[in-house]
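Peer 1: First, the structure itself, so that you have it in front of you.
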Amino acid sequence: MAEAAVGRVALMSIHPAYARAILEGRKTIEFRKRRLAADITHVVIYSTAPDQAVVGYFTVNGQETSSPASLWRDFRDQGVISEDDFFAYYAGRSQATGIKVGEATRLRNVLPLSDIGVSRPPQSFQYLPRDRFAKVLAAV
């Protein structure tokens, strides 16, 4: 199902609590300091320590970029983050991006990064070749 609509894919490092919230459908916006390319259709979720594994992926339903205050006002109920942590993350920045989470899919078997040909976790995110995303889809 997801394969038919796959454009470019990003691999994103996400803290475990937020990764779980996305996969459970409680977090419907992922806050970032910069936008993804406009043609990104899927984000592969790498859950950082202590998990250190690819745990799932989600479709991208658009992005919103504005001031941190405006982004907080519009999406605070969808982000599963405290106001203090949100504004600490964006301290000193004039722009903030919210990636709208579409359908989230949890992997049946989590994958180490090496299984998808990645040697180390991205600092924030990196683009992932489609053939590597196929390995993620195979783990659903």
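Read in order, the letters of the sequence shown correspond to residues -13 to 126 in my numbering. All C-beta atoms in this analysis are idealised placements derived from N, C-alpha and C, irrespective of residue type, glycine included.
1) In chain order, what residues of the same chain lie with their CB nearer than 7 Å to the CB of A125, ignoring the 5 residues before and after it?
2) Does DSSP put I26 in a helix, a strand or coil?
3) Tell me, which residues are paired with F44 by DSSP?
4) Kindly indicate the opening and closing residues of the alpha helix (DSSP H) around L123.
5) Output the boundary residues of the alpha helix (DSSP H) element that contains S56.
6) Residues in its own chain within less than 6 Å of F119 by CB, not counting five upstream and five downstream?
7) Within 10 angstroms of its Cβ, does M(-2) collect 16 or more other Cβ (buried), or is it exposed?
8) If you run the structure through DSSP and keep just helix, strand and coil, what is E69?
9) Please say whether H28 and V40 have beta carbons closer to each other than 9 Å?
10) Sorted by chain position, which residues of the same chain lie with C-beta nearer than 7 Å to G88's C-beta, five sequence neighbours on each side aside?
Peer 2: So, from the listed chains and residues:
1) For A125, where only same-chain residues beyond five positions count, the Cβ hits under 7 Å are L93, R94, N95, L97.
2) Assigned with DSSP and collapsed to three states, I26 falls in strand.
3) According to DSSP, F44 bridges with V29, A90.
4) Residue range 116 to 123 is occupied by the alpha helix (DSSP H) that includes L123.
5) Per DSSP, the continuous alpha helix (DSSP H) segment holding S56 begins and ends at 54 to 61.
6) Only V(-5) meet the Cβ criterion.
7) By the neighbour-count rule (16 or more Cβ atoms within 10 Å), M(-2) is buried.
8) In this structure, E69 counts as helix in the three-state DSSP scheme.
9) Note that the C-beta distance between V40 and H28 is not below 9 Å.
10) Counting only Cβ-Cβ distances below 7 Å, and skipping sequence neighbours, we find F44, T45, V46, N47.
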